[in-house]
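The sequence shown runs 1 to 161 under UniProt numbering. No residue lacks a Cβ here, since even glycine has one placed at the ideal position from N, Cα and C. Quantities reported herein were computed from a predicted structural model and do not represent experimental measurements. A short write-up of the structure that comes next.
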Amino acid sequence: MIELEEVVSKLRWYVTGLSEIRRNWEDSITFESDNLFYYREGDQLSQGDNGLIVCKSLVNNESSVLSKVAYLIHRITERYSMMVIQVYAPTSTQIDEDVEVLYEDISKAIHASHSYYNIEMGDFNAKLDVRSGSKESSIWLRATEPQGPSSGNHHRGNGLG
């Protein structure tokens, strides 16, 4: 934890998402710097751990951590808020039910607050690509399976599109 706090202290940041942190329970740790680390273990110790490190100026905001989805709601003004959602998606070797649970957890997080700004970030176990059919040249997340066409799980990408 000391090394993690050292690295974070050198960054300009407010919220940092972490995946595969391998912690043994759900908890929060306050660093010496008063920044807060929220985390929760996954369904198995070897996978799914997810968490957020929150800058001390945002510590009193609403947050929640599910096994693969963590979120923080930051009230910017009385009218505007921002939700940051950290996701750790199952790999293509996981069963489809695990993916469906992930989609449900993401949906619960998104609907937990009517935030004006939403940021979804994390490890989606997907590839970055140019959005097809769009006039924009922006990069977006397309959930094609990283294992290639032989994995047989290409239908999962439709849940994030």
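Compare the Cα-Cα distances from ASN50 to each of ASN125, PHE124, GLY17 and report the closest residue. Numbered from its first residue, the sequence shown carries residue 50 at position 50. Measuring from the Cα of ASN50, the nearest candidate turns out to be GLY17.
Give every residue of the same chain whose Cβ lies closer than 7 Å to the Cβ of THR91, excluding the five residues on either side of it in the sequence, and list them in chain order. Stepping through the sequence shown from its first residue, residue 91 is reached at position 91. So the list reads ASN125, once near-sequence residues are dropped.
Are VAL69 and ALA112 close, meaning C-beta to C-beta below 8 Å? Working through the sequence shown from its first residue, we reach residue 69 at position 69. Working through the sequence shown from its first residue, we reach residue 112 at position 112. Their beta carbons are not under 8 Å apart, which means VAL69 does not touch ALA112 by this criterion.
Write down the C-beta distance between ILE76 and GLU62 rounded to the nearest angstrom, noting that I regard them as a contact closer than 8 Å. Position 76 of the sequence shown holds residue 76. Position 62 of the sequence shown holds residue 62. Contact doesn't hold; Cβ gap of about 13 Å is too wide.
Cutoff 6 Å; reference LEU45; Cβ partners in own chain excluding five residues on either side: Here residue 45 refers to the residue found at position 45 of the sequence shown. The pLDDT assigned to LEU45 is 48, lower than 50, so where the model puts this residue is not dependable, and the model offers no usable value.
Looking only at its chain, what residues have a beta carbon closer than 8 Å to the beta carbon of SER64, apart from the 5 residues adjacent to it on each side? Here residue 64 refers to the residue found at position 64 when the sequence shown is read from its first residue. Cβ neighbours of SER64 beyond the five flanking positions: ALA70, TYR71, ALA109, ALA112.
If you draw a straight line from the alpha carbon of ASP101 to that of PHE31, how long is it in whole angstroms? Here the question's residue 101 lines up with position 101 in the sequence shown. Here the question's residue 31 lines up with position 31 in the sequence shown. For the record, residue 101 in the displayed sequence is Val; it is not Asp. C-alpha separation (whole angstroms): 32 Å.
Identify whether GLU97 lies in helix, strand or coil by the three-state DSSP scheme. Position 97 of the sequence shown, counting from 1, holds the residue named residue 97. GLU97: helix per DSSP, three-state reduction.
Can you find the residues in the same chain that come closer than 6 Å, C-beta to C-beta, to SER57, ignoring five residues on each side of it along the sequence? Position 57 of the sequence shown, counting from 1, holds the residue named residue 57. Taken in chain order, the list of residues that qualify is empty.
Can you give me the Cβ contacts of GLN147 inside the same chain, cut-off strictly under 7 Å, excluding the 5 residues immediately before and after it? In the sequence shown, counting from the first residue as 1, residue 147 sits at position 147. Residue placement at GLN147 is poorly supported in this model, since its pLDDT is 41, which falls under 50; the coordinates still yield a value, given next. Excluding sequence positions up to five before and after GLN147, its CB lies within less than 7 Å of the CB of SER92, all in the same chain and listed in chain order.
What separation, rounded to the nearest whole angstrom, lies between the Cα atoms of ASN35 and ILE95? Position 35 of the sequence shown holds residue 35. Position 95 of the sequence shown holds residue 95. Distance between the alpha carbons of ASN35 and ILE95 is about 36 Å.
For LYS10, which residues from the same chain have a beta carbon less than 6 Å from its beta carbon, with the 5 sequence-adjacent residues on both sides left out? If you number the sequence shown from 1, residue 10 lands on position 10. No residues qualify anywhere along the chain.
Sub-8 Å separation of VAL15 and VAL54 beta-carbons: For the purposes of this step, residue 15 is identified with residue 15 of the sequence shown, where counting begins at 1. For the purposes of this step, residue 54 is identified with residue 54 of the sequence shown, where counting begins at 1. Yes.
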